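The sequence shown: position 55 = 55 (full-length UniProt numbering), numbered continuously.
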Amino acid sequence: MVNKTLCSILLIISTIAILACLVINFEAWIVYLVAIIGIPFWVLSIGLLTMAKPRPEDEEERVKEPFTGY
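What follows is the structure in structure tokens.
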């Protein structure tokens, strides 16, 4: 729950920062800072929010064997 809330907040803040840099004429260092920090945080938060969730019938199986690799 905390992870989902934190990722949602991070996504909203990153989106606002990216859109602000596109619309408002900030100094170059602010735009670079958003590009270096804001865009990776945006991608990370999208990835964490959309990670695969187990189906209800598969939840117990994933607890017993979380990695079914290869």
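Cβ coordinates follow ideal geometry from the N, Cα and C atoms, glycine included. All of these numbers come straight from a predicted model, not from anything done at the bench.
Residue j beta carbon less than 8 Å from that of residue i
i          : j          : result
residue 39 : residue 18 : yes
residue 41 : residue 8  : no
Segment limits, alpha helix (DSSP H) that includes residue i
i          : result
residue 56 : Per DSSP, residue 56 belongs to no alpha helix (DSSP H) and is neither H nor E.
residue 39 : 39-49
Exposed unless 16 or more other CB atoms sit within 10 angstroms - verdict on residue i
i          : result
residue 34 : buried
residue 71 : With the chain covering 1 to 70 only, the question about residue 71 has no answer from this structure.
Selected residue, minimal CA-CA separation from residue i, among the options
i         : options           : result
residue 3 : 51, 61, 58 and 59 : 51
residue 6 : 48, 24, 16 and 30 : 48
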